[in-house]
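Inspection log for the structure reproduced underneath, given as C-alpha cells.
Numbering (our numbering), first residue to last: -13 to 435.
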C-alpha cells in the first residue's frame, strides 16, 4: 500500500520481515457499549446519573454510532486487509426484558456477522463485555442467584440465531477486572467497595461462564457447528518490587493467583478454588476453555504495604524506567512474550490475543507499539507457544468506560461532531502488516523510523 509506505517509512517489499503463521488471525477488537450508541443498560445509567463518575462527564449514548454505521465500518476494516474482527453482543439489546428476546436485535447482529464474512474477517464474538441489562442490574446483577441460568438462556438464544456464523466465542470479557473495578474499588457500577462482595462476584462469574459454555456447546453439537469457547482473560502480571524482599514477593503472590490464575485454574479443575472458593464443584466448568483469550497491556510492580489491607497488603506501582502511554501504563513488549509463554507452558491451550493496544493521543507511540508487540508474539511462537492470532485494541477511538473519550486507543480517529472516520498513520502500518501477513522485524522497524 502506498499510504503505508508514505506514513510509516516501511514497505513490506524492501524491509526485513517476519512472516505470521499461515492461519494467524489478525484484526481489531471492539465492544458494543463503547462503539454502538443507543444502548440502555447499567453503564448508561451509571454515567448519566452522575457525570462526575466519568473523566470528561460524557456517556456512550452516541459513542461511534457504529450500530448504524457498521456496514461501512466493517468494510473499511476489510479493505485494510484485517482477516478477523472481535465484537460483543449487547445483552440489553437482545433481551431488553427478562425472558423476552428482540428478534430485530438478533437480526442486526446476524447482519454484522454477514458483513464480517463478506469483508474477509473471521468473527470473534463476546457475549458479555462489562454491561448488564437493567432488569438484571436492578435485581442484584451477577450476584442474583439465577444469574447463571439467565446468562445461559441468553447464550443459547444467541447461539441458535448466530452460531452457524461464529466459530470463536468469548463468554465474559475480563471477569477479574469487572469484579475489581465494580466491587472492590467502586469506580464502575454498581460502585461497591467490599472485598467479600468482590470474591462473591468472582465465584458468580465462574458459574455464569460454565452455564454459558454448556449452552453454547449444546447448541453447537445439535447443529453440527464448531464452537471454540473461552473467556477474554486479562493477564496483568504482578512483579515483586524488590527481588531481595520476601515481603514484596509475598505481596505479589496472592494478587497474581487471584487475578491472573484463579479463574483459569477453576476452569481446568472444575472447582471454585481457594482462597476465593472452598473447592465447590461447578457443573460444566471443568474443561470449559477450548483456548485462552489473552488481553495483555502491561504489568504491575508490587510492594508489600501494611496500609493496604483492602488490597491484600499489596500496593501496585509501575516501572519508572519504562516509557508510558497517555493512560500512564508502562510499555514493555518483551513482557508480553513472557506472559504468553507462561500461559502456554502452564495450561497447554491455544492462545488468542484478544486485546493489546496503547492509549496514544497523537499516534506517536502506536506504530512502534504494534510492531514491537507483534514481534513479541512471534518470539513466543518461536519459543513454542501456540498463538492463533492478535486482535488490536482497537479500531476506533471510542468511549473508554470511566475515562470517557479521554483515552484514544483507536487506529482510526472519530470526529465527535460529524462521526467522520479519520485513519491514523498506525492504521496504514497495520493494514500493510495484515496485507503482507508479516511484521517488520524489530531491528528493521527501528531502522525505518
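Where a beta carbon is used, it is the ideal one built from N, C-alpha and C, also for glycine.
Cross-strand partners of residue i (DSSP beta bridge)
i           : result
residue 300 : 290
residue 235 : DSSP lists no partner for residue 235.
residue 281 : 220, 341
residue 214 : 154
Pick from the options that is closest to residue i, judged by C-alpha positions
i           : options            : result
residue 298 : 270, 284, 243      : 243
residue 225 : 385, 304, 157      : 304
residue 107 : 46, 250, 387, 421  : 421
residue 78  : 52, 118, 294, 329  : 118
residue 408 : 171, 256, 50       : 50
residue 373 : 322, 144, 203, 306 : 322
residue 275 : 265, 293, 254, 267 : 254
residue 42  : 393, 397, 350, 399 : 393
residue 331 : 410, 367, 405      : 367
residue 121 : 326, 250, 54, 81   : 81
residue 413 : 27, 11, 63         : 63
residue 5   : 375, 195, 399      : 375
residue 349 : 397, 264, 111, 371 : 397
residue 112 : 141, 102, 65       : 141
residue 352 : 296, 369, 309      : 309
residue 68  : 105, 83, 55        : 105
residue 387 : 20, 272, 7         : 20
residue 395 : 427, 370, 313, 403 : 313
residue 260 : 232, 174, 212, 189 : 189
CB-CB length for residue i against residue j, believed under 8 Å
i           : j           : result
residue 130 : residue 159 : Rounded, the Cβ-Cβ distance is 19 Å, inconsistent with contact.
residue 390 : residue 40  : 4 Å
residue 377 : residue 72  : 5 Å
residue 14  : residue 347 : Not confirmed; about 19 Å, so no contact.
residue 137 : residue 197 : 6 Å
Whether residue i touches residue j by CB criterion (8 Å)
i           : j           : result
residue 46  : residue 382 : no
residue 337 : residue 329 : yes
residue 18  : residue 75  : yes
residue 87  : residue 143 : yes
residue 248 : residue 283 : no
residue 252 : residue 192 : yes
residue 285 : residue 222 : yes
residue 279 : residue 156 : yes
residue 301 : residue 311 : no
residue 11  : residue 65  : no
C-beta neighbour in chain B for residue i, strict 8 Å
i           : result
residue 352 : The structure shown contains no chain B; it holds only a single protein chain.
Endpoints, beta strand (DSSP E) assigned at residue i
i           : result
residue 74  : 70 to 74
residue 3   : 3 to 5
residue 80  : Residue 80 -> not in any beta strand (DSSP E); alpha helix (DSSP H) instead, spanning 77 to 80.
residue 108 : 108 to 114
Boundaries of the alpha helix (DSSP H) in which residue i is found, first to last residue
i           : result
residue 416 : 411 to 422
residue 326 : 319 to 333
residue 32  : 28 to 35
residue 161 : 161 to 165
residue 373 : Segment 373 to 378 is the beta strand (DSSP E) holding residue 373; no alpha helix (DSSP H) there.
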